[in-house]
Structures are given as C-alpha cells and as structure tokens.
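I have placed the structure first, in the form of structure tokens, so that the comments after it can refer back to it.
There are 4 protein chains.
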Amino acid sequence: MIRVSILGATGYAGAELARLLSMHKKKVQFMHLVSRSFAGKRLCEVYPGLSESLPVLEALDIDRIAADSDVAFTSLPHGASKEVIPALYAKGLKVIDLSGDFRYDDAAVYAKWYGEEHSAPALLQESVYGLPELHRSAIKAARLVGNPGCYTTCSILALAPLAKHKLIDVYTIIIDAKSGSTGAGREPSQPLHFCEVNESVKAYKVATHRHTSEIEQELSKLYGGEIMLSFTPHLLPVNRGILATSYANLAQKSSAKELVSLYKSFFAGEPFVKIYESGLPELKHVNGSNNIAIGLAVDERLNRVIAVSCIDNLIKGAGGQAIQNMNLMFGMDETEGLPKNAWYL
Amino acid sequence: MIRVSILGATGYAGAELARLLSMHKKKVQFMHLVSRSFAGKRLCEVYPGLSESLPVLEALDIDRIAADSDVAFTSLPHGASKEVIPALYAKGLKVIDLSGDFRYDDAAVYAKWYGEEHSAPALLQESVYGLPELHRSAIKAARLVGNPGCYTTCSILALAPLAKHKLIDVYTIIIDAKSGSTGAGREPSQPLHFCEVNESVKAYKVATHRHTSEIEQELSKLYGGEIMLSFTPHLLPVNRGILATSYANLAQKSSAKELVSLYKSFFAGEPFVKIYESGLPELKHVNGSNNIAIGLAVDERLNRVIAVSCIDNLIKGAGGQAIQNMNLMFGMDETEGLPKNAWYL
Amino acid sequence: MIRVSILGATGYAGAELARLLSMHKKKVQFMHLVSRSFAGKRLCEVYPGLSESLPVLEALDIDRIAADSDVAFTSLPHGASKEVIPALYAKGLKVIDLSGDFRYDDAAVYAKWYGEEHSAPALLQESVYGLPELHRSAIKAARLVGNPGCYTTCSILALAPLAKHKLIDVYTIIIDAKSGSTGAGREPSQPLHFCEVNESVKAYKVATHRHTSEIEQELSKLYGGEIMLSFTPHLLPVNRGILATSYANLAQKSSAKELVSLYKSFFAGEPFVKIYESGLPELKHVNGSNNIAIGLAVDERLNRVIAVSCIDNLIKGAGGQAIQNMNLMFGMDETEGLPKNAWYL
Amino acid sequence: MIRVSILGATGYAGAELARLLSMHKKKVQFMHLVSRSFAGKRLCEVYPGLSESLPVLEALDIDRIAADSDVAFTSLPHGASKEVIPALYAKGLKVIDLSGDFRYDDAAVYAKWYGEEHSAPALLQESVYGLPELHRSAIKAARLVGNPGCYTTCSILALAPLAKHKLIDVYTIIIDAKSGSTGAGREPSQPLHFCEVNESVKAYKVATHRHTSEIEQELSKLYGGEIMLSFTPHLLPVNRGILATSYANLAQKSSAKELVSLYKSFFAGEPFVKIYESGLPELKHVNGSNNIAIGLAVDERLNRVIAVSCIDNLIKGAGGQAIQNMNLMFGMDETEGLPKNAWYL
C-alpha cells in the first residue's frame, strides 16, 4: 500500500488526480489532501460528485505530510512548487511535481522562459522529466519527477520518432495546438468566463508560451542537436482535451505508411500510445483515458509531414501521467488504476 | 466469471455498457457483441478510444449467444427487443433489456402508449422493473429485467419518498426534465445535427412522451393509488446527463429539512443515491458516475416541494443501471465495476 | 434625432443595447457611454467587434449627461439605479431603467423581495412597467420606464392571455425557466467559469428568485386578483436565450387549438409576438431578434396547459425591449431599428 | 430596387443570405427563393425565426427566374451550379455563385482538385473571383462572380500583404484553420451529429482540401509566382466562425509593428478589414458581422510571422460577401445592408 498526499488538491489537476487515485484504491492510501483555500472542508464540497470518503482538506504542514506519506504529488502554481519540494525531498519522500518547476535540465533555460532564477538548481539536477515513453528507466530510479504538462506531452510524443530518426528538417517544425479550457485552471477571470469562451476560439501567448522550451529541450535531446520551433496554443470551448497539429518538412521522401510503421516501432509495447494506421484522432477518442493517439498524413506536394496527436489534458497531460510515474517509481504495473477507454461521449 | 453478450452494442447505450463492463473485467467475460450495421468490424472502429481487445462485432445469431452466454443485454430499438427476448429467455439466459418493452406490469398500458399490442404479454408478467432502489429483491430473483430508462429513473427516484409517504397531492405532480443529446441516440437526423442542437434548447413530445406511463406506474404502486402527472422532456446542448425539476403541492406543511431527513431514511444504505443536505445537484455532479443526486426545496408561500434530481443518462439511466441489475441477479456486490465518482469536468 | 446616453455601457446588457442602437443610427445619436471600470477606453476595446465609431467611455457625470441627452438608459446593478435615476429624472430626461428598481407598483413588494427599503418610492409611482404588449399607452406617456428583465418578459407574456381571460386555476401556475449564461452578467465568478457551466445545467434560487414578484405583480393585474406562483430558474450552457415552460390547470376544458386562437387575438397586431399554430419554439427561433415566440400544448388527461415561450434575453429581455420602449416614448415606429429575424445558427 | 433570386435558399449559406438580404430591404426585392426539397413551403417553416414575409419556396424554373430577376445567387452544392449558371447567364442575369465552380482561372486546376472536367470552361473565363479587397474593379464590371468560400477568404486576406510584398519565403506557408460546423452544411450525417461534434475537435481532409487550390491561385497572383502551401482544416464545436493561424518564414527581419503598418496600408480604406495594432482576433470579435479581423505576431527567435485571422463563415465567408459583391456589381454603397458589429455574445 502506497501512502500518498496531494498538495494543491482543489485545482482542476489536483482534483482529477484524486479522482483517478481513488480508482487505484487497492494499492493506494490517501494520507493528506492539502488546500490553502479550502482547508477544513471536504473535497466533495468543492467538487460535488467526488466521494465523501476522501480525507478532509488540510492546510499545508510539511512535517505532517512527511511523517506518514511515501509520495507527495505537488499540483501547485508555478513557483510555489519550488518552495515546498526541497523540504519534502529532504525528508525522504518521493515527489511528483505537476508544475513546470522541475522539468528542466538547465536552470538557465528555466530562468529565460520563466523570468526568474530557479530557487533550487541543485535539485533540478536530481529531477527526471516524467515522460515514461522517453525516460522510463530514469523515472523508475527517481525520487523527484517533473511531470510534463499537457501541451508538452502531446507535442513531444507526436514528434519524437521524427526527431530521433532525423527524418525532418528541424528548422521547419510548427506545432499548432488546441486545448480545452480546464488547461487554463480553476481560477475565475474575464477571459475564462463562460460567455467569453463559449462559441469562440482564440490563439494566445503566440511565440512566447513557456511550454515551447520544454518541447525544444526534449526533442533536442532525441535529435542530438538544438531544435527551435514554433508552438502556438489555442483555447477551445470544450472542457477537456488537447489536439496538436504538428508540421515539419521531411528530410527525405517518406509515405504516411512508412511513417506509421516507424511510429509503431518507436512506440512498440507502450501501453498508452495509439498509432492510427489510417484516419486521425479526435479529442473524443482520448478524453477520459490516459492514452495519447497519433495519426499521420504526408503532403506529397510539399514533402511535409502533418502529425495529429490528442490527449486528455487532465489525465495523460496531468494526473494520469503522474500516476503512471508513481506506478513506475514504486515498481508497480505501469497501467495500474489508469483508464484505458475513452468516454467518447 | 459471468459470460455476457450485448445485442445492440453500437448504439450509444450499448457502447457505454461495453465500456463500463470492460472495467468490471475481473468478473465479466465478453462473449458476443451484436450489431446489425457493423458486423465484422471492431467496436473500436465505431468508437475509436474503446479498447481493441473487445470481441469483433457479429450479426445476430441467437443460438450462438445462447450457447455460451449467461446473460444477454438487449440494447435495441423499442419493438426489436420483443422479437428477440422470448427466444433468449426460452433458452435459459438471463436477460436485461434496455428498451421499454419489458418495463410494464400491464400490457394494456404498453399498448396505449406505444400504439401497438405487446407481442409477448406472458413474458411481461415474468419481467421485473429494474430499479434496484425499489425492487431489489425481485431483481435478485428475476431472469428478465426491464431496465428503466433515463428519464424514468431520474423522475421516479426523485418522487418515490413523497409518493410512498403520501406527503403530496398527487394531482399536482409536474416533472420538467432536461436531457443531454445522447438520450436521443446515435442515428443522425436534422433535429440532432450539431448546429441545430448547439446553443439552443427545446421541449418535445409535451404531454405525450411514453416515459410518462412508466413513471406513473411506479409512483402509483408506491402511493397505493393511481397517479397521473405531467412529464415534459427538453433537449439540452450537452452530451450527457438528465436534470429533472419535479413539483408537487405538499399535503401538509413540511420543511425542506424534514423532507431531506425523510429522503435520507427512505434511501438509507443505497450505494448510488446522494441526498443533498443543502444545495441542489447539477449535471456535473453525477456525469460519469452511476449516482443519482437529489436536492429538495420547499416554497413555503405555496406549500410546494421542488425536487431536483440528476443522473448520467448513459450510466444510471442505461448501462450502469443494467450492470447494477446484473450484479444483483448474479449475487455479486451491487456496486462492482460501477463508477462512484463523477468526472465533474 | 434622439440624443441617447447609456449608463453601464460595458455590462452585457449595456453593450448589447449599444450594438442595437448603432443599427438605429438614422434616428439616434450617441452622447455618452458611461462605465465606471473602463472610463477613457473605447467600447470596442472591451468588446472587440463593436464599432470604433462609438464615443469614448466616460465616468459618470450626471450634469454632462443631462446637458445634452434626451434619454438615458440605465443598465446598472440593482440598487445603483435608484441612486442615479432621481437626479436624471429631476433634470427632465426620459429614463429607461434596465434594473429591477423601477418595476414595482408597490414599494413594499420591492422591500420584501430585495431586502431593503426602496430609496425613491415617490418616483416608483411615476414609473411605468415597460412591457409594451401590456402597457403601451402608459409607456408612450411615461418619463420613467422600468424595463422588464428577461425572465419576467418571457414568463408574463406566456401566461398573460390565460390570466386575463381567467382560463386557469391561478393557484397551479408553475414556470420552469431556462436561461443562457449572459443572463448572469459579465462579472467573473467560480459558478460562471467556463468549465463549470459547460456540459452542465443547474437550478438556482429555487422559490426565492426576485423576478417571481414581478411576474406575480403583472399577472395579478391582468387577472384582477392576487396570484402567487412557482418560478424556477435554471442556468444553461449557452450564451443567449430564455425558454420558459409554464404549467397551469385549465379552469375549463380547452383545446390547444382554442388557446392558440385566443393567444392570436390577445396579441393581434403585436409586431414582436409570434404565436405558433403548431409546434413549439426553441431558443434558436428567437435568438438575435426582438421576438417572443409562444407555443401551446394541452394535456387532456390532466386538463393542464403547457405554454412554451422563448426570447433572446439580451434583446427582448433587455436592450431590444428598451429600444422598443424608447421608440414608443418618442413617438417613433415601435419596431424601428429592432431585429425581426433570428440568427437561427 | 434590385430584384434578387436565391437558388438553394434552404442551405445554411442560402438561408443566411436571405436573412441578410432582408435587412437590405430598402434596395432589394425578393423575387424567387428556390429549394428542391422544400418547394411549396415558406423559408420560415424551415428556419423558424425568419420572417414570414419572404416569398414561398419554389422548385427551380430558370425561365421564371430570368423573367423578373436582376441577379441570381446560386448557393448550390458544387457541380450543381455549373448546370444552372450558364442558362441564367445566357439570359442576361448577373450571377453570384457561392459554390466552388466559378472561382478558378484555370479549368485544369479545377479538374485536378475536383476530380472532374469543368463543364463550362468558357464561362470560367468570364467569371471574376469575388474577393472585393483584391478584385474590386473587376467585380464591378462582372456579370458572373465566383464568391469565395469561408476558408479561402479568411486565408487569402491574412497572407495577401505578405505575398504581394514578397516578405515571406513562400515555400514555408502553413495555414492551420479552424471552422465552426455550419461550414459543413445542413445535411445530417454521423460525423456532424450533435454528440459527435460536441466537446471534440478534429482535423480533416489534411493535405487534400480543395480550398487549398483557391488560396494558392490567389496568393500566387499577388506574389507573381507559383505558391504551394499547407492548408489544414479543423472542425470546431461551435456554430459559426473561422479562425486561421497562418505561418511563414520572413524573407527578412520584420517586427510585428512593421507588419501591422504594412497591413494597414495594404487594406487602407477597406470597410470590412480590421487590422489589430495589438492582440489577436477571436471568433467572437467577428461573428455576426461581415468583418475580417487580422492580428500579427512575429517569432523573433525563428524570424517567422504568425497571422491570425477570423471571419464569420456564413457572412464574410458566404452570404455577406455575396451581398458585398452585389453592391459592387450594381453600383451601390459596398457596405449597404451589411452588419458591421459582431454579436460578441
């Protein structure tokens, strides 16, 4: 039985993590659910529909958490994680951080994209980028995992085989990503007011979104050389799901069929990766599951590949992937407790 | 291990039933998934995102099904069930029918509301109305269950305690129900075209919807006298969920608090019924789960009770309730394999 | 040329009023657009897509407005109107108030439902309830109009012929109303956050919503006796539109056809009232227009009428009706500048 | 007074054209509304909410139309237009065709992308591409206009200044476009069933969509050389609107500010083009209007421009643009009867 605590349990990602963990119940025991805003309440008061059996929300008390937890999930706003994680880590816990704070190999990259120095650069060296499809062995051995976010998971895996096999001109990569609104979090604001989002779509943080740097970091490692790319996020009037449409010029002629075959090899045995032999994924093909679905098209006129990838941003893009990492870090079946079927409807 | 077959596996209710059953996997084995339109394909070709491991869809062959199945779920259009079920039943299978065909105590009521004679009136006498909260013992002993639909489950349970305890003037019952569009099925039609449903709402089949008769049947039995009531369905631009707002004049003065207490007693021990002590349920409080949530308000000026109830129409209103019935019919834990947490998002 | 000013131009109702007035341009001249929060900006900076030609938003200065405006539309939060309108009125302007402050005949009713004394009870005696279909002559002569809100307009007109002709048992009236989210205003809050509203539906302020009292006031006058009724608002995941499903027991047997005929007589010549000979209205039949559409069904089993009525809450339920009132108050064609066709899509 | 007829009045584009033309009423007289499926009915029976005053729908009779119409709008499925237009044209009418049939300079390009020979290649030479911002003088003189579709209008105008001034590497153009579902038409089908589209997003016809060829044609003319580009359409769960995110490598360093200035010059005086000085357009900024809104960002790291453009697909992308063309062809004010304000909500 793994004893787990969640810091930031009332954000959308934290609550979804709690929901998913409660389906892992044979092997997981909830110790502490921490919430600054709702301490003393039950999670089911904040999210009616969640089980009344979860523990009462508490204010943050690192000693209490450290005293009886095997692993802490930190689902805090960026920056907040950095303050808390060194303490948890020092007390011997395993930590899975859902913020951006421990996803970087290089503190200088963090500083550049986040506009501030990293406060725990030494620990950054300890942390592993928690994308099991790329870093499974390191995750198994890790005590601190930087759990990748939704845009990055969906983008990196869509392009990983092409980068690894140097099949594309890496100066031509463009990722046009579309995300459901849960990706923007639970905090009310004018741009996320129902009537503002509904029946509209917009691009935002064009050419400046921080996740660009994560995607570049991981694809550069696969490629063995520096990659810089365009990443454009869009906000969709749906709750869940990310669809990324990724473009790159092929370094040599390849058919969609050949690329599908390459992807199938690259991801052989991956329990949550679905490569489409034909057709392309849609949000409804993955929402509710921990899967990533990837489809491929080639524009022969332009010798350009178009990869379409989809994930549920709250599951494979947050809480589900965090559990996948926990399963690996504790030597369990990697798929334990994780939904394999999409809701579809 | 229970060996299950689904007839009509590619409708929305049938596919959701398959999805839910695949989470019940330790105790359920899929034998046959029957589809007239998609025989030879896999369910995951019709619903990408469902597991590839489900058996290939087959044309209907009652002998094959009867040869190796313990239970058949029939999720067929009304009328079609009546043709198939007698044969399955005669061969000794347990049958859980998701159509309206075997939900009636009286073939005359069926004939009146469906506009045709019932073709298997004798079997109608064998069938049990599959609402566990009202007929648990009979379901346990039944070989044929008429699984209630979405509107009826949501309406009957919302009013059952009031009818049973004769707390309301039964001539004043009005049920104003709002349903997500999956309730209208998978068949394309102009009124269900995306642009027609989106950003609109409508009432339909006002004063003529068949489910009225089911609600009246069950509430009349509880009340011990004939009840006739208004039931008005509305179509919502959402995928899932039913919210029913039910009105009735109180026979005597009662506070909301007293009624909450009454409901809590009536439903004591029910694993899927949530009575709100305060506040009212919303679709997002139940969607994704097998729960029904009920909240109560009393208008003291008018001495009128307003009950608001919500279910996921595809789960507690279809496939989930069917599994709950199966669990009971096979002596298993009633909650086995059924989701208790709503998705919320 | 009528010189108009809008106080509260950046709320959803105020901005829609500005949009509609800008299509009335041959006979309307904008003088002042007042906004506390956005003074100094242009309305098109708050609502990109509105014309750049509208005047710059200003802080409130009653003297400036009074100096050059013929009419002021006050689209302020409840309570705020009461502070401002006496001053505008005293300076000789015509005032059309979109809040609830000047819709009551009796200050005691206001005090009861709003929980505070009315601060200008004398002026309340001057104000006319701005529902042209019921009070056209009074509106023409009025200097102060309390423009009815969305729920009330949709509910009152749906039941007016029945109340006037005493065709219903007035103790049995139940109005189950469903509203788009613009009705809840522009202010961000948790319950109106996109992900909370989307794919959900909820009832709110059950048995306590203030608009109940307005509906009762107007129907009581038509009926010639006190009416108390149930009014239940619901929040829909759409931007615009209200659909009200109203129930009442018929005092005598009447067919839907007879009632349709009665409604057609009652509303004969009304430019914005559409009575359906068959079928029932949906939100998409009215959204974008100043119309109210009403359909009727009779449940012969129960001798109960069900009236379904729809309006665009921002047009016939707010800004459009305000313009209709302005047209009447200034002796213009009542329909001038008002959209007659729904968008449908 | 211009006497107008619409062929295909009951499709989404045709009905929206009728709605818009009815606001142009001082200068337009409806003669014939043609519908194969609904002849004998009124348009308001197909689209409740449209005015009852429009003429009754008729079966196609070219002689009747030619006898009393000045202009025919043909809003027919591709292919059908080619059969009808030569006859109308031969009888002296002006024709504005909303299909793809008369948008090409070169019948060979049509044949290649549509998979069949063009049946009226001579007439193709007469027709003018109806994008006023690029071909205003030719449109004024034309008797046959091929009215551009939604994707093409939104894409071409977004890139026109860059192509004209040779500011981009034309081998790097990628247009990632997202469209509301009205763009897919009124015909029911499984992929356009409400529950399939709602809460999902998908790419379709990747690298094969016909509109690619139109965009290439027009941009190539502006550029003065052949352009081939990627165009990827996506289906959004909204009714209206197209947002295109267009990428191209800059031929030389340029700032967003410089490009904005260039775009403002290029489109100086255009009544329906809005260039954003800062920020980017969203669907809600244009829906309901005949505007196109364009915003620009430059990724300095990659020396790449990202242009985001939005139109209402049924207005600037269909019926509104058709009216704009009519206004030009008949020497009227180009903006007559066309909505300039977006609905926003």
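Residue numbers (our numbering), protein chains in the order written: chain L, 1 to 345; chain G, 1 to 345; chain V, 1 to 345; chain F, 1 to 345.
Every residue, glycine too, gets a C-beta built ideally from N, C-alpha and C.
Bear in mind the structure is a predicted one, so any value in this text is a computation, not a measurement.
Query	Result
Does Thr182 of chain G have its Cβ less than 8 Å from a Cβ in chain F?	yes
With the cut-off set at 8 Å, would you say Ser99 of chain L and Ser81 of chain L are in Cβ contact?	yes
Which residues in chain V have a C-beta closer than 9 Å to the C-beta of Glu192 of chain L? List them in chain order.	Reading the sequence as shown, one finds Leu at residue 192 of chain L and not Glu. The contacting residues are Pro188, His193, Phe194, Cys195.
Taking C-beta pairs closer than 7 Å, name the residues in chain F that Glu199 of chain G reaches, listed in chain order.	Asn239
Count the CB pairs spanning the region 200-216 of chain G and the region 278-296 of chain V that are closer than 8 Å, and state whether there are at least three.	yes
State the start and end residues of the unbroken beta strand (DSSP E) segment that holds Lys264 of chain V.	That residue, Lys264 of chain V, is in no beta strand (DSSP E); its alpha helix (DSSP H) goes 256-266.
Beta strand (DSSP E) containing Ala18 of chain G: first to last residue?	Looking at the DSSP string, Ala18 of chain G is not in any beta strand (DSSP E); the run it does join, the alpha helix (DSSP H), is 12-21.
Give the residues from the region 265-288 of chain L that approach chain F closer than 9 Å (Cβ to any Cβ), ordered along the chain.	Leu280, Pro281, Glu282, Leu283, Lys284, His285, Asn287
In chain order, what residues of the same chain lie with their CB nearer than 6 Å to the CB of Asn291 of chain G, ignoring the 5 residues before and after it?	Phe272, Lys274
Which residues does DSSP list as the beta-bridge partners of Gly146 of chain G?	G:Asp97, G:Tyr129
With a threshold of 8 Å between beta carbons, is Tyr247 of chain G in contact with chain V?	yes
Pull up the DSSP beta-bridge partners for Ala251 of chain G, would you.	Per DSSP, none; premise fails for Ala251 of chain G.
Give the C-beta separation of Ser373 of chain F and Asp299 of chain L to the nearest angstrom, bearing in mind that I take them to be a contact with Cβ-Cβ under 8 Å.	Residue 373 of chain F is absent from the structure shown; chain F starts at 1 and stops at 345.
Does any C-beta atom of chain F lie closer than 8 Å to the C-beta of Ala111 of chain L?	no
Given a cut-off of 8 Å, decide if Arg36 of chain L and Asp59 of chain L are closer than it, judged by their beta-carbon atoms.	Going by the sequence as given, residue 59 of chain L is Ala instead of Asp. Yes.
Can you tell me which of the three DSSP states Leu222 of chain G falls into?	helix
Could you confirm whether any beta carbon from chain F is found closer than 8 Å to the beta carbon of Pro77 of chain V?	no
With 16 as the cutoff for other CB atoms within 10 Å, does Met1 of chain G come out buried or exposed?	exposed
Along chain L, in chain order, which residues have C-beta atoms closer than 7 Å to that of Lys202 of chain F?	Leu280, Glu282
What does a CB cutoff of less than 7 Å around Glu334 of chain L pick up in its chain, not counting 5 residues either side in sequence?	Pro132, Pro271, Gln324, Asn327, Leu328
For the region 3-24 of chain V, which residues have a beta carbon sitting closer than 8 Å to at least one beta carbon of chain F?	Tyr12, Ala15, Glu16, Arg19, Ser22, Met23
In this structure, how does DSSP classify Leu345 of chain V when only helix, strand and coil are distinguished?	coil
Name, please, each residue of chain V whose Cβ falls closer than 7 Å to the Cβ of Leu314 of chain F.	Leu345
Does the region 220-240 of chain V touch the region 249-261 of chain V, meaning 3 or more C-beta pairs lie closer than 8 Å?	no
Nearest to Ser127 of chain V by alpha carbon, out of V:Val84, V:Asp101, V:Cys195?	V:Asp101
Just verifying my parser: in three-state terms, what is the DSSP assignment at His209 of chain L?	coil
Using a C-beta cutoff of 8 Å, does Asn341 of chain L count as contacting chain G?	yes
Rounded to whole angstroms, what's the CA-CA distance from His78 of chain V to Gly14 of chain L? Just pull it up for me.	38 Å
I'd like the span of the alpha helix (DSSP H) that includes Gly320 of chain G, first residue to last.	320-329
Name the one or two DSSP bridge partners that Phe73 of chain F has.	F:Ile6, F:Ile96
Please go through the same chain and pick out, in chain order, the residues whose beta-carbon is closer than 8 Å to the beta-carbon of His118 of chain G, but skip the five residues on each side of it.	Lys82, Asp101, Tyr104, Ala107, Tyr110, Ala111, Leu124
Which runs of the beta strand (DSSP E) fall wholly inside the region 16-60 of chain G and span at least 3 residues, in chain order?	28-34
Quick one: what does DSSP say Phe272 of chain F is sitting in, helix, strand or coil?	coil
At the level of alpha carbons, what is the spacing between Met31 of chain V and Asn313 of chain V?	25 Å
If you reduce the DSSP assignment to three classes, tell me which class Leu235 of chain V lands in.	strand
Quick check on Ser53 of chain G: buried or exposed, where buried means 16 or more other Cβ atoms within 10 Å of its Cβ?	exposed
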